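The opening residue of the first sequence carries number 3 in the working numbering; numbering runs sequentially from there. Here the structure is laid out as structure tokens; the discussion comes afterwards.
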Amino acid sequence: MPSAQKITALRGMRDVFSAEYARYQAIQARLERHLRLHSYIAIDLPILENTELYLRKSGEDIADRLYEFDFKSRRVALRPEVTASILRAYVERLQDEPLPLRIQYSGPVFRYEKPQQHRYRQFTLTGAELLGADGPRADAEVLHLACSGLEQLGVTDYSLTIGHTALLEEFLNRLGLRKQLVNFLLRNMENLRKRGLKAVLESLETIYPEFQGAALAAESANANDAEQSQRLINVLREMTDSEAHQAVTDFLHSLNIRIAANRDEGEVIERLLRKIREDQQAPKLQLALDFMQRLGDLAGAPADVLPGARALAEEFDLDRDILMSLERTLNCLAEYGESPGRTQLDFGMNRGLHYYTGLIFELHAAAPDGEPIQLAGGGRYDNLVSTLGGSEPTPAAGFAYGIERLDSVLPSDNDRSPEPAVFVIPVAEEDYAAGIGIAADLRAQGIAVEMSIVDRTLRRSLRHADRRGAALVVIIGEDERRQRAAILRDMRSHQERQVGLADLTRIVVERLSEHE
RNA sequence: GUGGGCGUAGCUCAAUGGCAGAGCACCUGAUUGUGGUUCAGGCGGUUGAGGGUUCGAGCCCCUUCGUCCACCCCA
């Protein structure tokens, strides 16, 4: 026989066989039930979406991990996560639902990454979204839901790490850094701590060569050669956009300077401001990095971290509500009965998806080899509905579990694939009709039946039934055919008896219940 | 993207540079209507692909592809 080229599964894609598949299904079913008991309605959404859905806000890292292609002149992508689809569906079809709206989902997602242990290119998420509610109660519900789901599964030794994107974002926005730079810094918050200032600056220069000067200046940290003209700039730097705009307008007017009539005055001032601010990127970058380093040090038990966070917020005059709200969330979580010992705060954490606007969190537990792996992640994304064209700004938060990861953490209680309870062996061609009838009767009683369809000796058929783990075997041969009966053989006790066809189903049911 | 390991029968893997093997699975028989054991036999290979060194390459060298693992990132 000429052997053709073997076709293998794509890299990072896995075939999931019976025992493993049964475990996944059990995990998923338990989580879905858990979410349902919290009134999260299950919905199912397409796996294929418009590429645009993920480019808008998910972030650049996800964009180049997208399975994305042109199909009939349309850009489509396999979903790398489900939140965007949920909100897309909400904007499209569900905006007339009373809020808050609670939704759950389960299904595969695809990310083109280098596969390795506990990381596949296709994996399964079960997640929940809470739409139209914000504040500590909503955040705490989401956190509690994620944690208690793990407990439902029997994962007891897990840790909850909570971060927050708003402090840094507020600080960076007030600084007036260029949008690109702000995004870069937000993305590299965690890298700053893990790999240090130098590595972050290097990567900044690689990605955005135009900031090279700024990065260098920030590194040498003495970009402040004050000139006279610098004073106005420094004043402007401290202002918000609209304040600065007004100040420049007033200033020009007071000097009786007229902008050329063919150009929009506002636009000219915008440009002027932008120019001034670009010149100021270096010292601002320095400020930003200092702030980020201090923020990154704020990690540990909430009681240890919060005082430092408060002091930092005070020092930079950041919105007090952010931390107060976070504390209330933690208190509320305690009311749910979550043991505070496993909760960590980490202001240096950031996440791969860039739509988060507030609370972010991750759940970790130890894999069998002792290495901690992430089981779930989520957070708050209050702008995503608007980004996707929602008619009203709608706060939202959610999270998702990785089913395969959960399985790797749970003890594999060797539950075997469902075994056929009864194996039916017609000995000769003439016996098949009777065999089919018997099988149908048994199945009508909810009993799993495997029918022998291969030409084999009785000996080999029994051997096969045995290996399959059948509890009972029904044999129909010449004698039985004549007597309108069958042999019922108990594979465990090795005992067999002839049973009339009329009584067979009843007796099989009895025998199986004895086997239980 | 960077670094390492491994590609040999359907599966899991052996084989100092010298006849390509074992276990499992499948099939046949010992036992023609009775099982997980045993015994005998059978099927099964372009050693991932291409090139090089050599009297001789599964083994050494180069290239390439595949795959696993680590970094990175994440579920």
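From the three backbone atoms N, C-alpha and C, an ideal C-beta is built for every residue, glycine too. These numbers come from a predicted model, not from an experiment.
Same chain only: Cβ atoms within 6 Å of residue i, ignoring 5 sequence neighbours per side
| i | result |
| --- | --- |
| A28 | none |
| K286 | L177, L179 |
| I554 | The chain is shown from 3 up to 518; residue 554 falls before or after that span and cannot be answered. |
| L152 | Y160 |
Residue i and residue j closer than 8 Å at C-beta
| i | j | result |
| --- | --- | --- |
| S75 | R81 | no |
| R322 | A315 | yes |
| R58 | T389 | yes |
| L365 | V411 | no |
| H247 | I271 | yes |
| F401 | V144 | yes |
| V511 | L490 | no |
| I362 | T167 | yes |
| Q124 | R32 | no |
| R486 | L503 | yes |
| D384 | D136 | yes |
| R470 | E498 | no |
| E340 | H40 | no |
| A467 | A423 | no |
| A369 | D159 | no |
| Y56 | I49 | no |
| R483 | D443 | no |
| L89 | L386 | yes |
| A399 | L132 | yes |
Straight-line gap, residue i to residue j (C-alpha atoms, nearest Å)
| i | j | result |
| --- | --- | --- |
| L464 | R77 | 56 Å |
| L169 | I324 | 7 Å |
| G134 | V184 | 27 Å |
| E516 | H120 | 42 Å |
| Q106 | A284 | 45 Å |
| A435 | P413 | 45 Å |
| P110 | G129 | 11 Å |
| Y23 | Q30 | 11 Å |
| A430 | R461 | 13 Å |
| L320 | P309 | 14 Å |
| I45 | S108 | 8 Å |
| N226 | A11 | Annotation note: pLDDT 42 at N226 (below 50); position unreliable, coordinate value reported separately. Going from the Cα of N226 to the Cα of A11 covers about 59 Å. |
| D457 | A441 | 18 Å |
| A223 | A91 | Because the pLDDT of A223 is 44, which lies under 50, any placement of that residue in the model is unreliable, and the question is left without a value. |
| G404 | D66 | 21 Å |
| K200 | L187 | 13 Å |
| F173 | R25 | 46 Å |
| T85 | G156 | 26 Å |
| M493 | I427 | 13 Å |
| R139 | R344 | 20 Å |
| S205 | R296 | 20 Å |
| H356 | G14 | 24 Å |
| A472 | A488 | 17 Å |
| L289 | F318 | 11 Å |
| H36 | I43 | 11 Å |
| D505 | Y338 | 56 Å |
| I455 | S495 | 25 Å |
Where residue i sits in the DSSP three-state scheme
| i | result |
| --- | --- |
| M453 | strand |
| R251 | Residue 251 is actually Thr in this sequence, not Arg. Correct three-state label for T251: helix. |
| G156 | coil |
| V424 | strand |
| V78 | strand |
| A369 | coil |
| L506 | helix |
| G380 | strand |
| F19 | coil |
| I49 | coil |
| D66 | coil |
| G1 | No answer is possible for residue 1: it lies beyond the span of the chain, which begins at 3 and ends at 518. |
| L490 | strand |
| H356 | coil |
| H466 | helix |
| R121 | strand |
| D72 | strand |
| E171 | helix |
| Q27 | helix |
7 Å CB neighbourhood of residue i in its chain, flanking five on each side removed
| i | result |
| --- | --- |
| Y69 | A79, L80, F112, Y114 |
Same chain, Cβ closer than 8 Å to residue i, neighbours up to 5 away in sequence not counted
| i | result |
| --- | --- |
| N52 | R76, R77, V78, A79 |
| E406 | Y26, H120, Y122, F125, T126 |
| R16 | Y122, Q124 |
Residue i Cβ short of 7 Å to the ligand ZN heavy atom set
| i | result |
| --- | --- |
| S20 | This structure lacks the ligand ZN; in fact it carries no ligand of any kind. |
Original post:
Would you call the region 433-448 and the region 465-480 in contact, with 3 or more CB pairs under 8 Å?
Top reply: yes
Original post:
Would you call the region 192-201 and the region 346-353 in contact, with 3 or more CB pairs under 8 Å?
Top reply: Remark: three or more beta-carbon pairs, one from each stretch, lie closer than 8 Å, so the region 192-201 and the region 346-353 are flagged as touching.
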